[in-house]
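Residues 4 to 93 in the working numbering are what the sequence shown spells out, letter by letter.
Just so you know, even glycine gets a beta-carbon here, dropped at the ideal spot from N, CA and C.
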Amino acid sequence: MALAPEVVTAWQEAGPEARAMGRDAVDQVKAAIRQLPQRERDAMMLRYVQELTDAQVADSLGIQPVSARALLSRGRKRLKQMLTEGEMLE
């Protein structure tokens, strides 16, 4: 997954403290993703890491597209909750 040029430029111009904070945020997101239920985690990884469409996610998981969209929706909701409300299991 390639970053937009403006993101790369901003990262390069950021000071060491800002870069460290960015790494901390990435680590928190990774930890939250690991805590998702397996099916939601699989759907999220296929959609956002491998950049598959919802239909391709469904096909990869052997489910209907509507079910893939539901998994993705639940995964996003659960991630948001974990990251904003501090519900990490650690």
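- Taking a contact to require three or more Cβ pairs closer than 8 Å, the region 26-34 and the region 45-53 do not qualify as touching.
- In the DSSP assignment, Gly-65 falls outside any alpha helix (DSSP H) and carries neither an H nor an E.
- By the C-beta density criterion, Glu-43 is buried, having at least 16 other C-beta atoms within 10 angstroms.
- Judged by beta-carbon spacing, Gly-65 lies beyond the 8 Å limit of Leu-39, meaning their Cβ atoms are not closer than that value.
- When rounded, the separation of the alpha-carbon atoms in Ser-63 and Arg-72 is 13 Å.
- Residue Leu-55 holds the alpha-carbon nearest to the alpha-carbon of Leu-75 among Leu-55, Arg-26 and Asp-27.
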